[in-house]
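First comes the structure, then the notes that go with it.
Protein chains: 2
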Amino acid sequence: MNKVFAVEFWDEKACDVRSTGPHKGAKSSVMANKILAVDHYLESHRNAFEAQLLKLLRIPSVSAQPEHAADTRRAAEFVRDDLIAMGVPAELIEFKSGHPIVYGERLDAPGKPTLLVYGHYDVQPADKVRDGWRTEPFEPVVEHGNVYARGATDDKGQMLTHLKAAEAWLKTAGKLPVNVKFLIEGEEEVGGANLEAFVAANTAKLACDYAVISDTSQFAPGMPAICYGLKGLAYFELRVRGANRDLHSGTYGGAVQNPLNALCSILNSIKGPDGRVRIAGFYDKVKDLEAWERAEFAKLPFSEGEFATELGGDVLAGEQGYTTLERKGGRPTFDIHGLWGGYSGPGPKTVLPCQAGAKFSFRLVPDQDHKEIGRLVRQHIEANCPPGVSWELDEMHGAPAVLVTVKGSPGVDAAVQAITTSFGTPPLFIREGGSIPVVGLIKSHLKVDTLLLGWGQNDDNLHGPNEKFSLADFHRGIRASAHLLAELGKD
Amino acid sequence: MNKVFAVEFWDEKACDVRSTGPHKGAKSSVMANKILAVDHYLESHRNAFEAQLLKLLRIPSVSAQPEHAADTRRAAEFVRDDLIAMGVPAELIEFKSGHPIVYGERLDAPGKPTLLVYGHYDVQPADKVRDGWRTEPFEPVVEHGNVYARGATDDKGQMLTHLKAAEAWLKTAGKLPVNVKFLIEGEEEVGGANLEAFVAANTAKLACDYAVISDTSQFAPGMPAICYGLKGLAYFELRVRGANRDLHSGTYGGAVQNPLNALCSILNSIKGPDGRVRIAGFYDKVKDLEAWERAEFAKLPFSEGEFATELGGDVLAGEQGYTTLERKGGRPTFDIHGLWGGYSGPGPKTVLPCQAGAKFSFRLVPDQDHKEIGRLVRQHIEANCPPGVSWELDEMHGAPAVLVTVKGSPGVDAAVQAITTSFGTPPLFIREGGSIPVVGLIKSHLKVDTLLLGWGQNDDNLHGPNEKFSLADFHRGIRASAHLLAELGKD
């Protein structure tokens, strides 16, 4: 959405620190002084904050890889210790398996709203050589105002903005202007089940008025955004097996089913050349884009040509009948994430492999249900698997799509004011293709909306090589978070 | 084919060492004594031959893998040194790149036929963990009368039979009964170009009456076979590229073409659910199986049920309208040998990868031409590649299919007699699905047929894990090769 749309939901007067009146004026003046002190603290601690970010980025907290279990724990301890150091009592919540949750709270603003800050300290896997990084993923490098490292934007850098904002308040005013609960997990990238179990079992402890998450992107550099829609996710691993051993393709080829051929056949059957998923029932629950949404998508400052050029040229393709932005933000998708099987070393090898596998996922939109999609996928493979092989399907990760209420939300109004102050321009309202399962989880268990305040950029390359985060946006994000606390704490 | 068919082409009298007549009888008697001495030598050197085989199998001469270049050379030196030790002058023929050819000759039987022994000392890649071997591929283990190791049957074990046969003659009679040239290469498994260049440039040096190669299988245990038909091969590597970097499947999914999806689409377009290749023109040059061949295929002692059971169950599938044996031996095929791209580690990773690749090949039958198939494959991909990606195709390996003349060939008659003596039963005549490019190369440059005398078994798992070779067949093969020299050397 464009600026006009954004301003529509933003009551300037309600947030104006310069509004007058004898009583309000006095209070406002106190608040204004506190904010000045906070801003001063932020300005004078830029180097310290950056040093801390780099330190956290050096911890390879890859939650998916067992060999990084100890590293992942170190990242949790880093976050816990930082909270304690700034004056927020915090602890590690341990589980039978998986990675701990960092939980901390400061509830010293009775009568004021309560904000739940969610973030995650775990990161996606990264390998310099295999994935083609220019630098080591866990040896952060600062260049051209960006920090390059795995987790820079997703989510260590963005998560840290809320910690540093709280620190500024605690170190200047001695307390926070609202009640704040920190919930920082370590299984976001693997869809671990511990978080949902913890939230479900602790709804009173976690009760809040709003959640805030910074794990999304701005619309473009200089165009901060509030994300009001996220896609859901249904992620699968498929393994196909044929003969009881690898065979010679000369001796057995043509007579024995090849699991690699079968895998390609199954995967190709899932999406047609028109970009539409061919699984029966897949679109039944899809909420079509509304006319106003399509109109807003069309108004966004976006050049398909520039978008393609930035990605390397002629690389766009998708569902017929929709624009690139609509496909990205508002339509369900199917992507293969990994293929394996047989020989991939140098030279030829005429093997007829006995097994093959793939990871793939669907991004879902309201009101698709990831569990139902799992059933439909299973039925589809059953009907489309070639003869001569068996298959196994693991449902690895699922999350519902989310649409946040924007109109008439004081929390959204506060966020708009905080962002406007810190970034110098009001935020756009956008829908994103990514999935943040916790947003649906917070909605269903705690019954509150989440403010998705993205400080990242679309080309930050989260999940890819050379992930980065703008240090200017890092500091703007910290300031916006600090001002959000002020806005929410105003009478 | 069955025994009746085999006997049809075998003139017992021409090969009978007991035939009478004053002059011939004396000669025959001398020859018979020499053969007795050879047989005695073979019997008393079984342990020594096995020890040598194990020593050669311990050399990981994987020609495809640069890290094994030195090992591959060691295997060449092993073969050269063995030839020299038995009295065959031999040398390494070096090339600008790639692996040397071992060449040796003993031409001390003027007026007698010349036999060219071809074999290869290089082997397919093998990795215990990745490929699921029970034992280390390059630490041979003898169990139940078999030796288990990479290269046991393909081709170190089979190749060595011809060296040990020559050794027996040289150590007993002091010379060979025919002229023999040894051409043992090290690039068979990678389709190296050095061999063809060498043969083309040395047709006088390599001139011969027959070539003999043991790099195929018996029809079944106790059923030795002469292979008269081999498939050709056209082997490719396809690489598909999309955006200029890996992307997040949430942020970009649905808008940017996914190279893994595109790769599956291309590969799946190559073969239909009926098992027929869908590349335009692919079948144009295919010589249909003749009625007598289909009748012979049908007569072979073969149980489809037992074949499937031995492979693990319901794994058979292929071109409609043909039996399993016809598909294996007489019809062209399409198999994918390797798939790669994206993430295949533990857990989910929502990456939209920027590249993917596959290795695949077609087995060809007469009169398909691998170069023409390469052109057709290129046209097919051009027409079937989804939008948004680019692709590159490497033609890695090509070989024509071969049909050897059986009827009226004295060389085939000699081989039948030698095998009958050594295995106790006459050989079957079969067509195989494998490709031995050198057979076509020998035919085109040296104008002679190749005797394909396979000592292996179909379940030897060449190119797969736990490759094996029967030691009983190893010794029978040595004896058959020694007797072949005698049969060819008879007046």
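Protein chains in written order, with the numbering used here: chain A, 2 to 492; chain B, 2 to 492. C-beta atoms are modelled at their ideal positions from N, C-alpha and C, and glycine is treated no differently.
| Selection of the segment 385-411 of chain A by Cβ proximity to chain B, strictly under 9 angstroms | Contact annotation: in the segment 385-411 of chain A, residues whose CB is within less than 9 angstroms of a CB in chain B are Pro-387, Pro-388, Gly-389, Val-390, Ser-391, Met-397, His-398.
| message | Distance cutoff 8 angstroms, beta carbons only. Does Pro-466 (chain B) sit that close to anything in chain A? | response | At a cut-off of 8 angstroms between beta carbons, Pro-466 (chain B) contacts chain A.
| query | Helix, strand or coil for Phe-470 (chain B) per DSSP? | reply | In this structure, Phe-470 (chain B) counts as strand in the three-state DSSP scheme.
| request: Give the straight-line distance between the Cα atoms of Gly-112 (chain A) and Lys-288 (chain A), rounded to the nearest whole angstrom. | output: Linking Gly-112 (chain A) to Lys-288 (chain A) through their CA atoms gives a straight-line distance of about 39 angstroms.
| said: Quick check on the burial criterion: 16 or more other C-beta atoms within 10 angstroms. Buried or exposed for Lys-125 (chain B)? | reply: Here residue 125 (chain B) turns out to be Gln, not Lys, going by the sequence shown. By the neighbour-count criterion, in which a residue is buried when 16 or more other Cβ atoms sit within 10 angstroms of its Cβ, Gln-125 (chain B) is buried.
| request: Taking only beta-carbon positions, decide if Met-2 (chain B) is within less than 8 angstroms of chain A. | output: Here Met-2 (chain B) scores only 23 on pLDDT, less than 50, and its place in the model should not be relied on; the value that follows carries that caveat. Chain A contact via Cβ: absent.
| Which of helix, strand or coil does DSSP assign to Gly-22 (chain A)? | Low per-residue confidence applies at Gly-22 (chain A): pLDDT is 41, beneath 50, and the placement is therefore not dependable, though the value from the model is reported in the following sentence. Three-state DSSP puts Gly-22 (chain A) in coil, outside helix and strand.
| The alpha helix (DSSP H) with Arg-75 (chain B) in it runs from where to where? | Per DSSP, Arg-75 (chain B) belongs to the alpha helix (DSSP H) from 70-87.
| said: For the beta strand (DSSP E) containing Cys-228 (chain B), name the first residue and the last one. | reply: Its beta strand (DSSP E) spans residues 226-231.
| field | Coil, strand or helix - Trp-392 (chain B) by DSSP | value | Look at Trp-392 (chain B) here: in three-state DSSP terms it is strand.
| Thr-421 (chain B) - DSSP class collapsed to helix/strand/coil | Of the three classes helix, strand and coil, the one that applies to Thr-421 (chain B) here is helix, per DSSP.
| query | Would you say Pro-367 (chain A) touches the ligand NAD, meaning its beta carbon is less than 7 angstroms from a heavy atom? | reply | This structure lacks the ligand NAD; in fact it carries no ligand of any kind.
| task | Could you work out which residues of chain A lie near Glu-320 (chain B), taking near to mean beta carbons separated by less than 7 angstroms? | result | Neighbours of Glu-320 (chain B) on chain A, chain order: Gly-255.
| message | Using a Cβ-Cβ cutoff of 7 angstroms, what residues of the segment 324-351 of chain B are near chain A? List them in chain order. | response | So the list reads Thr-325, Arg-328, Lys-329, Arg-332, Thr-334, Asp-336, Ile-337, His-338, Gly-339, Leu-340, Trp-341, Gly-342, Gly-343, Tyr-344, Ser-345, Gly-346, Pro-347, Gly-348, Pro-349, Lys-350, Thr-351, given in the order they occur along the chain.
| Under a CB-based cut-off of 8 angstroms, is Leu-37 (chain B) close to chain A? | Contacts with chain A at 8 angstroms (Cβ-Cβ) do not include Leu-37 (chain B).
| query | Under a Cβ-count criterion, where at least 16 other Cβ atoms within 10 Å of its own Cβ denotes burial, should Ile-337 (chain B) be classed as buried or exposed? | reply | Ile-337 (chain B) is buried by the Cβ-count criterion.
| said: So if I threshold CB-CB distances at 9 angstroms, which residues from the segment 193-206 of chain A count as touching chain B? | reply: Residues: none.
| said: Bridge partners for His-381 (chain B) per DSSP, in chain order? | reply: According to DSSP, His-381 (chain B) bridges with nothing at all.
| said: Are the CB atoms of Ala-235 (chain B) and Ile-382 (chain B) within a distance shorter than 8 angstroms? | reply: Not in contact: Ile-382 (chain B) and Ala-235 (chain B) (Cβ atoms no closer than 8 angstroms).
| field | Runs of alpha helix (DSSP H) lying entirely within the segment 278-354 of chain A, each at least 4 residues, in chain order | value | The DSSP assignment places 292-300, 305-312, 325-331 as complete runs of the alpha helix (DSSP H) inside the segment 278-354 of chain A, in order along the chain (cut-off: 4 residues).
| said: Considering just the uninterrupted stretch of the alpha helix (DSSP H) at Arg-364 (chain B), what are its terminal residues? | reply: Boundaries around Arg-364 (chain B) are those of the beta strand (DSSP E), 356-365, since no alpha helix (DSSP H) includes it.
| query | If you run the structure through DSSP and keep just helix, strand and coil, what is Phe-199 (chain B)? | reply | Looking at Phe-199 (chain B) - three-state DSSP - the assignment turns out to be helix.
| query | Which of helix, strand or coil does DSSP assign to Ser-250 (chain B)? | reply | Residue state, collapsed to three classes: helix.
| said: Among A:Tyr-323, A:Gln-369, A:Gly-255, A:Glu-137, whose alpha-carbon lies nearest the alpha-carbon of Lys-469 (chain A)? | reply: For the options A:Tyr-323, A:Gln-369, A:Gly-255, A:Glu-137, the alpha carbon positioned closest to that of Lys-469 (chain A) is the one of A:Glu-137.
| request: Compare the beta carbon distance of Gly-254 (chain A) and Val-316 (chain B) with 8 angstroms and say whether it is the shorter of the two. | output: Result no, Cβ atoms of Gly-254 (chain A) and Val-316 (chain B) do not sit closer than 8 angstroms.
| request: Give me the Cβ distance between Ala-166 (chain B) and Leu-486 (chain B), rounded to the nearest whole Å; I'm assuming they're in contact under 8 angstroms. | output: In this structure Ala-166 (chain B) touches Leu-486 (chain B) by the C-beta definition: roughly 6 angstroms separates them, less than 8 angstroms.
| message | Quick check: is the beta carbon of Leu-365 (chain A) nearer than 8 angstroms to any beta carbon in chain B? | response | Contact with chain B is absent for Leu-365 (chain A), since none of that chain's Cβ atoms lies less than 8 angstroms from the residue's Cβ.
| request: Would you please verify whether the beta carbon of Gly-435 (chain A) is less than 8 angstroms from any beta carbon of chain B? | output: Gly-435 (chain A) counts as touching chain B.
| Interface flag, His-69 (chain A) vs chain B, CB-CB below 8 angstroms | For His-69 (chain A), the answer is no, since every Cβ of chain B falls outside 8 angstroms of its Cβ.
| task | Using a Cβ cut-off of 8 angstroms (strictly closer), state whether Pro-126 (chain B) contacts chain A. | result | Yes, contact with chain A.
| task | Inspect the beta-carbon positions of Leu-340 (chain B) and Trp-341 (chain A) and report whether they are closer than 8 angstroms. | result | Leu-340 (chain B) is a Cβ neighbour of Trp-341 (chain A), given a cutoff of 8 angstroms.
| message | Please classify Gln-258 (chain B) as buried or exposed, where buried requires at least 16 neighbouring CB atoms within 10 angstroms. | response | A residue is called buried when at least 16 other Cβ atoms come within 10 angstroms of its Cβ; Gln-258 (chain B) meets this threshold and is buried.
| message | Only counting the same chain, and skipping five residues up and downstream in sequence, which positions put a Cβ closer than 6 angstroms to that of Val-405 (chain A)? | response | Contacts found: Tyr-229, Asp-450.
| message | Beta-carbon within less than 8 angstroms of Ile-267 (chain B)'s beta-carbon, same chain only, minus the 5 sequence neighbours each way: which residues are those? | response | Here the set comprises Leu-239, Val-241, Ile-382, Asn-385, Cys-386, Pro-387, Trp-392.
| said: Assuming Glu-106 (chain A) is part of the beta strand (DSSP E), what are its boundary residues? | reply: Counting along the chain, the unbroken beta strand (DSSP E) around Glu-106 (chain A) starts and ends at 102-107.
| field | Under 9 angstroms (Cβ pairs) to chain A, residues found in the segment 33-61 of chain B | value | Closer than 9 angstroms at the C-beta level to chain A, one finds no residue of the segment 33-61 of chain B.
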